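Asks: At position 182 of the sequence shown (counting the first as 1) the number is 439 in my numbering, and the numbers step up by one without a gap.
Glycine included, each C-beta is placed from N, C-alpha and C at the ideal position.
Small disclaimer: the values here were computed from a predicted structure and weren't measured.
Dropping the structure in here first, questions after.
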Amino acid sequence: MAGSPAPTFLLLMKRPILKTNRLILRPPVLEDAPAIQQYVSDRRIAETTALIPHPYPEGGALEWIRRSEITLREGRGVDFSILLRGSGELVGVVGLIDRDVESSLGYWIAVPHWGNGYATEAVHRVIRHAFNARRLPSLHAYHFAHNPASGRVMQKAGFLYEGVEPLGSSREGVRYDRVCYGVTAQQWRDNLRTFSLV
């Protein structure tokens, strides 16, 4: 009905702020641009993703933040800057893309912060947001076959292995095998006790 107030969960979805034991996840702001620009300019970040170019263009982080804001406003997904709770330092990004056919999740963690478990903690929290707040029926995630560490993150966070798609992803014109993961809301809830809650 026109003029009716939006449900509370819809209002909270507009600029959600998520918390874990060690992290705060919130939509990116312009002040995040210098850290994002610095971190994604590292070739090691670009090599683990299909969408981050290398060399990363000057001003690329600002442009990405502006596009992210449009995506959020239009209800097509939400990106989160991953911040340390104690210091507020930005250590990565995790994004959720809502599609009618398939919703997916992707992330990167700054190289100096690899190995601390931040990716698993952030991804698990965003999965919970996707199923409990956004009420998505299922989620998918992918990684290059040459990046098995990302697969371990996905499994620890609650994704289930689905298989390998030969030459299923491309980067800078080169095709790579893509490892596929997915989970339904019900599967994720059924398996909650098998991994740590954050």
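1. Report back the beta-carbon spacing between Y296 and A367 to the nearest angstrom; my notes put them in contact at under 8 Å.
2. Spatial neighbours of R409 within its chain, please: C-beta separation below 6 Å, excluding the five flanking residues on both sides.
3. Going by C-alpha to C-alpha distance, which of G430, W365, N448, S395 sits closest to N404?
4. Could you check the C-alpha separation between V348 and L393 for me, to the nearest Å?
5. Can you tell which of I327, L329, P291 has its C-alpha closest to the C-alpha of E315?
6. Do you know whose CA, among Y438, P423, C437, lies nearest V431's CA?
7. Buried or exposed for L353, please, with buried defined as at least 16 other CB atoms from any protein chain shown within 10 angstroms of its CB.
8. Output the boundary residues of the alpha helix (DSSP H) element that contains R371.
9. Considering T441, what are the terminal residues of the alpha helix (DSSP H) in which it resides?
10. Report back the beta-carbon spacing between P248 and D336 to the nearest angstrom; my notes put them in contact at under 8 Å.
11. Determine the direct distance from the alpha carbon of P369 to that of R461, and round the result to whole angstroms.
Replies: On the basis of the coordinates in this document:
1. Rounded, the Cβ-Cβ distance is 4 Å, consistent with contact.
2. Counting only Cβ-Cβ distances below 6 Å, and skipping sequence neighbours, we find nothing.
3. The option with the nearest alpha carbon to N404 is W365.
4. Cα-Cα distance, rounded: 26 Å.
5. Closest option to E315, Cα to Cα, is P291.
6. Per the Cα distances, P423.
7. So L353 ends up on the buried side.
8. Looking at the sequence itself, residue 371 is Trp, so the reference to Arg does not match. No alpha helix (DSSP H) holds W371; DSSP gives it neither H nor E.
9. Boundaries around T441 are those of the beta strand (DSSP E), 431-441, since no alpha helix (DSSP H) includes it.
10. Because the chain spans 258 through 455 in this model, residue 248 falls outside it and cannot be assessed.
11. Lying before the first or after the last residue shown, residue 461 is absent from the chain, which here runs from 258 to 455.
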